[in-house]
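A.B. asks: Submitted below is the structure of interest, expressed as structure tokens.
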Amino acid sequence: MPIHEHPTLAQFLLQDKRSRGAFGTDLVQLLLDVAQACKAVSRTVAGGSLRGVFGSANAVNVQGETQAKLDVLADEIFRERTEFGGHVAAVASEEQEEPVPVPQDYPRGDFLLLYDPLDGSSNIDVNVSVGSIFSVLRAPRPGEPVEAADFLQPGARQVAAGYAIYGPSTKLVLTVGSGVHGFTLDPVLGDFRLTRPNMTIPAATKEFAVNASNSRFWEAPVKRYVEECMAGAEGPRGKDFNMRWIASMVAEVHRILVRGGVFLYPRDSRPGSRKGRLRLMYEGNPMSMLIEQAGGLSTTGTERVLDIVPDELHQRVPLILGSAEEVERIQAYHRAGPEPVIDTPLFNARGLFRTA
Ligand code: AHG
Ligand code: MN
Ligand code: MN
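First residue of the sequence shown: 14, per the numbering used here; consecutive thereafter.
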């Protein structure tokens with residue numbers, strides 16, 4: 014496979030830097046460290062029960078969730094692989110209550126790295142795709158000791174974001190602000206090779222992803238949207254839809270980046286998800302940067318996710334993201350209020366009076 018047709022991650026990032034001069038080698042080196050961490054997690058996950066990595070770690074994290082052994086292992090791998098290189102000042106993890114500054118004797122870099130080291134943990138023991146999600150911000154006071162508040166930047170300030178998905182093959186998908194690019198781990202040579210340059214999301218779709226078992230807790234605009242999709246060709250949408258739910262956000266987003274779709278994890282009336290279930294800083298923001306860079310939209314229903322100014326590191330956020338036409342329709346339903354009539358010129362749907 015000629016290298017120029019499938020450049021390695023390092024070649025691609027350095028070429029992009031040279032063509033744009035938009036960031037120094039520090040960010041390239043940091044992303045290469047992150048890629049190494051993803052490779053190490055991929056091999057640890059692949060070891061499965063043979064390496065005794067399945068099951069619970071018998072500990073509860075800051076999210077109040079019981080940690081899987083692989084959550085803890087992946088968290089350690091990410092920190093060890095990224096704190097040494099001198100490119101980050103501190104890291105923040107789904108699995109750590111507070112940000113972790115790089116050790117005193119390590120050089121402090123200009124970036125803040127945030128990550129969900131293992132996304133989709135409930136799928137580990139049943140061998141369904143899981144992944145890792147990462148987000149890169151600039152340290153506001155380079156060279157200075159990092160304070161927790163330094164992480165509380167809106168997602169629009171990310172300089173890079175991406176994920177690895179540990180599926181039939183291991184893929185790395187990332188953006189540094191110039192489009193979204195997909196790399197496949199070459200299991201023989203051990204490097205990530207460019208396989209999907211400039212990933213873009215079709216504006217229209219017939220596929221939605223939601224955990225429908227929560228429908229009784231949803232707000233009216235989300236209920237309306239999903240019911241209309243379920244009504245299919247005989248309903249107000251006039252076409253049939255397909256539903257997916259993998260319970261691994263990385264897998265849902267990867268599918269959307271490859272073939273379109275819309276993903277919903279909305280806020281609902283349950284005490285633990287009044288502000289949504291997914292975490293803003295290391296799930297919502299990185300995925301929203303990828304989705305927007307690929308031509309899609311990402312909203313809470315009423316607000317652009319990347320505009321949210323965080324109050325706390327582990328805050329949750331409602332997420333509706335993917336194909337632009339569908340996300341805009343859902344936003345229109347939120348704007349319309351309880352007795353909606355779709356009159357936005359974008360849609361040719363009939364005006365609807367609903368009891369929902
Ligand atoms: P994590 O494993 O990091 O906690 O993330 C799991 C998230 C996300 O990946 C997925 O979309 C969602 O939880 C699934 O939630 P339900 O189990 O409520 O469907
Ligand atoms: Mn997650
Ligand atoms: Mn996780």
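For each residue, glycine too, the CB sits at the ideal point set by N, CA and C.
The model shown is predicted, which means the values in this text are computed figures rather than measured ones.
Under the three-state reduction of DSSP, which class applies to Ala102: helix, strand or coil?
C.D. replies: Locating residue 102 in the sequence shown gives position 89, counting from the first residue. In this structure, Ala102 counts as strand in the three-state DSSP scheme.
A.B. asks: Which residues have a Cβ closer than 6 Å to any heavy atom of ligand 2, listed in chain order?
C.D. replies: Asp129, Asp132, Met262 and Glu296
A.B. asks: So, at 8 Å on beta carbons, what are the nonlocal neighbours of His100 in its own chain, with the 5 sequence-adjacent residues on each side left out?
C.D. replies: As a working note, residue 100 is residue 87 in the sequence shown. The beta carbon of His100 lies closer than 8 Å to those of Asp39, Leu40, Gln42, Leu43, Asp46, Gly122, Asp123 and Phe124 in the same chain, with the five residues before and after it left out.
A.B. asks: If we count the other Cβ atoms within 10 Å of its Cβ and call it buried at 16 or more, is Lys252 buried or exposed?
C.D. replies: Translated into the one-based positions of the sequence shown, residue 252 becomes position 239. That one is exposed.
A.B. asks: Reducing DSSP to helix, strand and coil, say where Asn298 ends up.
C.D. replies: Residue mapping note: residue 298 aligns to position 285 of the sequence shown, counting from 1. It is helical.
A.B. asks: DSSP three-state call for Thr188: helix, strand or coil?
C.D. replies: Numbered from 1 along the sequence shown, position 175 holds the residue referred to as residue 188. Residue state, collapsed to three classes: strand.
A.B. asks: So, at 6 Å on beta carbons, what are the nonlocal neighbours of Pro210 in its own chain, with the 5 sequence-adjacent residues on each side left out?
C.D. replies: Sequence index remark: in the sequence shown, residue 210 carries index 197 (1-based). Here the set comprises His194.
A.B. asks: Indicate whether Leu277 and Gly168 have their beta-carbon atoms separated by less than 8 Å.
C.D. replies: What you label residue 277 is simply residue 264 of the sequence shown in a count that begins at 1. What you label residue 168 is simply residue 155 of the sequence shown in a count that begins at 1. Not closer than 8 Å, so no.
A.B. asks: Indicate, with yes or no, if ligand 3 has a heavy atom lying under 7 Å from the CB of Glu320.
C.D. replies: Reading the sequence shown from its first residue, position 307 is the one you call residue 320. The residue you asked about is not Glu; residue 320 is Asp in the sequence shown. Distances taken from the Cβ of Asp320 to the heavy atoms of ligand 3 include none shorter than 7 Å.
A.B. asks: Is Leu83 near ligand 1, in the sense that its beta carbon is under 7 Å from a heavy atom of that ligand?
C.D. replies: Looking up residue 83 in the sequence shown gives position 70. Checking the Cβ of Leu83 against ligand 1 gives no.
A.B. asks: Nearest-angstrom Cα distance between Phe196 and Gln49?
C.D. replies: The sequence position of residue 196 within the sequence shown is 183, counting from 1. The sequence position of residue 49 within the sequence shown is 36, counting from 1. It is roughly 13 Å from the alpha-carbon of Phe196 to the alpha-carbon of Gln49.
A.B. asks: In terms of residues, what are the limits of the alpha helix (DSSP H) holding Tyr119?
C.D. replies: Here the question's residue 119 lines up with position 106 in the sequence shown. Tyr119 -> no alpha helix (DSSP H), and no H or E assigned at all.
A.B. asks: At the level of alpha carbons, what is the spacing between Gly335 and Leu310?
C.D. replies: The residue you call residue 335 lines up with position 322 of the sequence shown. The residue you call residue 310 lines up with position 297 of the sequence shown. So the two alpha carbons sit approximately 6 Å from each other.
A.B. asks: Leaving out the 5 sequence neighbours to the left and right, which residues in its chain are closer than 6 Å to Gly308 when beta-carbon positions are compared?
C.D. replies: Counted from its first residue, the sequence shown places residue 308 at position 295. Here the set comprises Thr213 and Ile214.
A.B. asks: Out of Leu131, Met300 and Tyr128, point me to the one whose CA is closest to Ile333's CA.
C.D. replies: Here the question's residue 333 lines up with position 320 in the sequence shown. Comparing Cα-Cα distances from Ile333 to each of Leu131, Met300 and Tyr128, the minimum goes to Met300.
A.B. asks: With burial defined as no fewer than 16 other Cβ atoms inside 10 Å of the residue's Cβ, what is the status of Gly364: buried or exposed?
C.D. replies: By 1-based counting over the sequence shown, the position of residue 364 is 351. Confidence at Gly364 is low in this model, with a pLDDT of 43, below 50, so its placement is unreliable and the value that follows should be read with caution. Gly364 should be labelled exposed.
A.B. asks: Does the count of Cβ pairs from the region 138–145 and the region 177–188 closer than 8 Å reach three?
C.D. replies: yes
A.B. asks: Let me know the secondary structure DSSP gives Asn136 once reduced to three states.
C.D. replies: Within the sequence shown, numbered from 1, the residue matching residue 136 stands at position 123. Three-state result, Asn136: helix.
A.B. asks: Quick one: any contact between the region 105–113 and the region 221–238, if contact means 3 or more CB pairs under 8 Å?
C.D. replies: The answer is no - the region 221–238 does not touch the region 105–113, with fewer than three Cβ pairs under 8 Å.
A.B. asks: Does the distance from the C-beta atom of Leu127 to that of Met294 stay below 8 Å?
C.D. replies: In the sequence shown, the residue the question calls residue 127 occupies position 114. In the sequence shown, the residue the question calls residue 294 occupies position 281. Yes; because the gap between Cβ atoms is below 8 Å, this pair is in contact.
A.B. asks: Taking Cβ to Cβ, would you say Leu9 is nearer than 8 Å to Ala174?
C.D. replies: An answer regarding residue 9 cannot be provided, because it is not within the stretch 14 to 369 covered by the chain.
A.B. asks: Does at least one heavy atom of ligand 3 sit under 7 Å from the Cβ of Ser286?
C.D. replies: The sequence position of residue 286 within the sequence shown is 273, counting from 1. Not so, every heavy atom of ligand 3 lies at least 7 Å from the Cβ.
A.B. asks: Measuring alpha carbon to alpha carbon, tell me which of Lys82, Ala103 and Glu220 ends up nearest Arg92.
C.D. replies: Here residue 92 refers to the residue found at position 79 of the sequence shown. Nearest C-alpha to Arg92: Ala103.
A.B. asks: Assuming Glu232 and Arg290 make a contact with CB atoms under 8 Å, what is their CB distance in whole Å?
C.D. replies: Here residue 232 is taken as the residue at index 219 of the sequence shown, counted from 1. Here residue 290 is taken as the residue at index 277 of the sequence shown, counted from 1. Glu232 to Arg290, Cβ: 14 Å. No contact.
A.B. asks: Given Ile90, which residues of its chain have a CB within under 6 Å of its CB, disregarding the five upstream and five downstream residues?
C.D. replies: Here the question's residue 90 lines up with position 77 in the sequence shown. The answer, listed in chain order, is Ala50, Ala53 and Val54.
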